[in-house]
Structures are given as structure tokens and as C-alpha cells.
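Sequential numbering from 881 applies to the sequence shown in my numbering. Using N, Cα and C, we set each Cβ at its ideal position, and we do this for glycine too.
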Amino acid sequence: MIPVGEKEIRGSFVNCSKGEARRINLPRSLPETPWADLDFLGWLDPGAPDRGYLVTERRGELVGVTLRLSREVHRSYAKSTVCSICVTPHAGTGISLFVAPRAGAAGRQGNTVGTYMCADLACSLYVRDIRKTELGVRFETLGNEERIMRVVVNLESFLDKVFDGDLSSGAA
Ligand SMILES: [Zn+2]
881 MIPVGEKEIR GSFVNCSKGE ARRINLPRSL PETPWADLDF LGWLDPGAPD RGYLVTERRG
941 ELVGVTLRLS REVHRSYAKS TVCSICVTPH AGTGISLFVA PRAGAAGRQG NTVGTYMCAD
1001 LACSLYVRDI RKTELGVRFE TLGNEERIMR VVVNLESFLD KVFDGDLSSG AA
């Protein structure tokens, strides 16, 4: 992705208030972000481990989504061991169920979308073989280009769900 700064990141969030977006803890290593290797910037809140964020480009615009770790799944072992975004298999706690409030009115009414994802939100690095899972092996022969395409497609469909029913965005 194209490198973006703090101001753009804070301004990109679509499913929280402007005040919340101002208070979000950004990744500590933001200046060292390997932008060229990222399909989306994902990080866990350094001050609140049950919160995560992802920021990516959607239809030419920067879109940020706040996520919460679902406690029910976090407490026990995740049932799913494959990330819904990058399809990387993980052992036990390597996958978390993240829940995102929907954008707009639906989200304000408490409507959410859940997705199983790599617990460190580093999908981009796994599909490029930059980061290895705790399992240490890959289970498929698909090339990196195809795996990256799959992240983009799956992320797009997750974002579609976040925006679902919100007529104020995406229509233009
Ligand atoms: Zn993943």
C-alpha cells in the first residue's frame, strides 16, 4: 500500500466517532512500516490488547476499521484455525475472532460483523512468507501473487459487510 501518515490514518476510520479515532493508539513502529509489503495496515492496540485496527485502500479511498476481540472465543481455543482473510492456517490461539461495528447508523445501533483473522493482523506478511506461523509450514502450493490477490478479495468482501446498509458511503 501507499505510505500514509498519522493524520490520514486517524481520518480514515469509518466505524467509530471522530473523538475515538483521535484517541486510537497507533502502532509504535509506524515510521518503520514496510508499506510495500502490506495489503492493509493491521495492528493490535498497544494500550488495549482486546482492540485491533485495520487500515486499507478501498475504491481509491483510505478506509480504517476498528475491531474488538470477541471474548467468548478468546477465552477458549478458537474453533477455526484458518484466517478468513489470508487463509493461513494457525495453531490454537494464532487465530482470533475479531468483531467490527458496522459503518454508519447500523453500527451505532450495535450491529457488528465478525471475522476470524490472524491474531496479529499480519496477513500481508504471512502471504509473502515474511512472517512464519507457529506451525512453521505452508499447507498449499499457491504462489505468493495468488495468495496476495486472495487477501485483497477477502478483505474487500469483509469491508463490503462493514459498509452493508450504509448508504452514506461507497455509493459514489
Ligand atoms: Zn490472516
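Rounded to the nearest angstrom, the gap between the Cα atoms of Gly885 and Glu937 is 14 Å.
Inter-residue distance for Pro981 and Pro969 is about 26 Å (C-alpha atoms, whole angstroms).
Residue state for Leu1039 is assigned as helix, using DSSP reduced to three classes. About 6 Å separates the beta carbon of Ile889 from that of Val935, a gap short enough to meet the 8 Å contact definition.
A heavy atom of ligand 1 is found nearer than 6 Å to the CB of Thr968. Under the three-pair Cβ rule at 8 Å, the region 991-1002 counts as touching the region 972-980. Between the alpha carbons of Ser892 and Glu1036 lies a distance of about 16 Å.
In this structure, DSSP gives Gly944 an extended state, which the three-state scheme calls strand.
Annotation for Ala985: no beta strand (DSSP E) segment contains it, though the alpha helix (DSSP H) segment containing it runs Gly984 to Arg988.
Between Leu1015 and Ala971 the beta-carbon gap is near 5 Å, inside 8 Å, which marks them as a contact. Annotation: the continuous alpha helix (DSSP H) that includes Cys1003 extends over Cys1003 to Val1007. Cys963 has its CB nearer than 6 Å to a heavy atom of ligand 1.
Annotation for Met1029 indicates a beta carbon at 6 Å or more from all heavy atoms of ligand 1. Met997 has its CB nearer than 6 Å to a heavy atom of ligand 1.
Close CB contacts of Cys896 within its chain, under the 6 Å cut and outside five residues either way in sequence, are with Thr946 (chain order).
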